[in-house]
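**Student:** Count the sequence shown with our numbering and you get residues -7 to 353, in order.
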Amino acid sequence: MQKFLFFLLLFPLLSIAQNKKGFEIKAKIIGLKDSTKLSLKSGSDGKVLATSISKDGEFILSGKLENAELCILSYSSLTEMTDMFISNESLTISGDINQIKALQFTGSESEVDYLEFKNLLDPYKERLNGLAGKINLEKDPTTRATMMKEFTDLKQQVISSAAEFINKKPNSSVSPFVLYAISPLMEGGAPQLEPYFAKFSGNALKGPYAAAIGKAIDDAKLGAVGSMSIDFTQKDVNGKPVSLSSFKGKYVLLDFWASWCGPCRQENPNVLKAYNRYKAKNFTVLGISLDQEKSRWLDAIKADGLAWTQLSDLNYWNNSVAQIYKIQAIPANMLIDPTGRIIGKNLRGAELDDMLKSIFK
């Protein structure tokens, strides 16, 4: 049984587009020692955005952001840091250095939204982290199962709270940030993000963070049943370029495999059986190998009696076609109809034969 991984809800450190004017942060913090060096860094790449030296508990930080983002304020006299979500705007900070987590921020709409998000999610984060640690150590199956159910229920509460935030603030620049922050809890991956992403409007759609979520959703649709296949060209065993589009008008099983892949080699007889049974009925197979050594690739084709067209760029997992279709494991395949639409995926053994039988009645 796979060990339960320790869960930590991390806030993603990506930026969100805003206006182009600079930011200015004025702070007055009781108890802050004179000559404390203040450093404001980008949360995304650690780049120093501004520095200052305190005097009488006061300091000013100014600079320019390309996008609104999560920033980290560090104090040379302290180990604690302050995180804040700001854009190019005027912001004030006040409070007591001995209560650094209770510092007050005014003037930043995005910071207000970010604090609301933190206040909403932090209690769940602490409970999830604490429960995860206990689950890792628990040996009794019954107790472990009970704790896992509690963990699952808590995850759903986090997702529901985030959904409430997004529904309340669909045009806030922080909303896509919220969606990404809770995405590790969504077992459905990128497709599960889409209904929430569809609620965004205005500022929530303008920045690269929203663009990153949109791209993840689009990428997840690549190779999905019902989507159109993407054309490509790769060289065959003789070095001749072959395109997927050259098979248009046929049913094509796009088959990802490799000579070094044991499960692939075990599945090859099933693919061969399907090929021989339906090749005269407008069906063919197009193999995409994730091999690195041409000799081993060719030897495997011969040994397994694979009579259909075989393509490879011999780039292993970096095979360009595998990259296009986001192939993460092999064997993998997709059945493409004569119009180029994907109508089946990862069909093996009897599943492949049953589907082809239903097509070629």
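The C-beta atom is built at its ideal place from N, Cα and C for all residues, glycine as well.
(1) Could you check how far apart the C-beta atoms of residue 246 and residue 278 are, in whole angstroms? I think they sit under 8 Å.
(2) For the segment 103 to 127, list the alpha helix (DSSP H) runs that are entirely contained and at least 4 residues long, ordered along the chain.
(3) Short of 6 Å in beta carbon distance, which residues of its chain neighbour residue 96, apart from the five on each side in sequence? Order them along the chain.
(4) Quick one: which unbroken beta strand (DSSP E) runs of 3-plus residues sit fully inside the segment 255 to 333? Chain order, please.
(5) Excluding the five sequence neighbours on either side, which residues of its own chain have a C-beta within less than 8 Å of the C-beta of residue 160, listed in chain order?
(6) Pull the bridge partners of residue 244 from the DSSP assignment, please.
(7) Excluding the five sequence neighbours on either side, which residues of its own chain have a C-beta within less than 8 Å of the C-beta of residue 288, listed in chain order?
(8) Quick one: complete alpha helix (DSSP H) runs, 4+ long, within the segment 121 to 173?
(9) Roughly how many angstroms lie between the CA atoms of residue 136 and residue 121, to the nearest whole one?
(10) If you follow the alpha helix (DSSP H) that residue 186 is part of, which residue opens it and which one closes it?
(11) Tell me residue 233's beta-bridge partners as DSSP assigns them.
(12) Once DSSP output is grouped into helix, strand and coil, what is the label at residue 216?
(13) Between which two residues does the beta strand (DSSP E) containing residue 347 stretch?
(14) Buried or exposed: where does residue 28 fall if 16 or more other Cβ atoms within 10 Å of its Cβ makes it buried?
(15) Use the C-beta contact count for residue 202: other C-beta atoms within 10 angstroms, 16 or more gives buried, fewer gives exposed.
(16) Are the CB atoms of residue 92 and residue 108 within a distance shorter than 7 Å?
(17) For residue 260 and residue 330, I'd like the C-alpha separation in whole angstroms.
(18) Taking DSSP as the reference, what is the three-state secondary structure of residue 179?
**Tutor:** Result, derived from the coordinates:
(1) Taking the first residue of the sequence shown as position 1, residue 246 is located at position 254. Taking the first residue of the sequence shown as position 1, residue 278 is located at position 286. Sure, about 5 Å apart at Cβ, within 8 Å.
(2) none
(3) Within the sequence shown, the letter at position 104 stands for residue 96. Cβ within range, chain order: 86 and 87.
(4) 275 to 281, 301 to 303 and 324 to 328
(5) Here residue 160 is taken as the residue at index 168 of the sequence shown, counted from 1. Cβ within range, chain order: n/a, list empty.
(6) Taking the sequence shown and counting its residues from 1, one reaches residue 244 at position 252. 276 and 328.
(7) To locate residue 288, count along the sequence shown from 1; it is residue 296. Counting only Cβ-Cβ distances below 8 Å, and skipping sequence neighbours, we find 251 and 252.
(8) 133 to 160
(9) As a first step, residue 136 is located in the sequence shown; it is residue number 144 there, counting from the start. As a first step, residue 121 is located in the sequence shown; it is residue number 129 there, counting from the start. Residue 136 and residue 121: Cα-Cα distance of roughly 15 Å.
(10) As a working mapping, residue 186 is identified with position 194 in the sequence shown. Counting along the chain, the alpha helix (DSSP H) containing residue 186 begins and ends at 182 to 189.
(11) What you label residue 233 is simply residue 241 of the sequence shown in a count that begins at 1. DSSP lists 227 as partners of residue 233.
(12) Translated into the one-based positions of the sequence shown, residue 216 becomes position 224. Here residue 216 sits in coil by DSSP.
(13) Walking along the sequence shown from the start, residue 347 turns up at place 355. Residue 347 -> not in any beta strand (DSSP E); alpha helix (DSSP H) instead, spanning 342 to 351.
(14) Translated into the one-based positions of the sequence shown, residue 28 becomes position 36. So residue 28 ends up on the buried side.
(15) Within the sequence shown, the letter at position 210 stands for residue 202. Label assigned to residue 202: buried.
(16) Reading the sequence shown from its first residue, position 116 is the one you call residue 108. Reading the sequence shown from its first residue, position 100 is the one you call residue 92. Their beta carbons are not under 7 Å apart, which means residue 108 does not touch residue 92 by this criterion.
(17) Sequence index remark: in the sequence shown, residue 260 carries index 268 (1-based). Sequence index remark: in the sequence shown, residue 330 carries index 338 (1-based). Rounded to the nearest angstrom, the two C-alpha atoms are 23 Å apart.
(18) Taking the first residue of the sequence shown as position 1, residue 179 is located at position 187. If DSSP states are grouped into helix, strand and coil, residue 179 belongs with coil.
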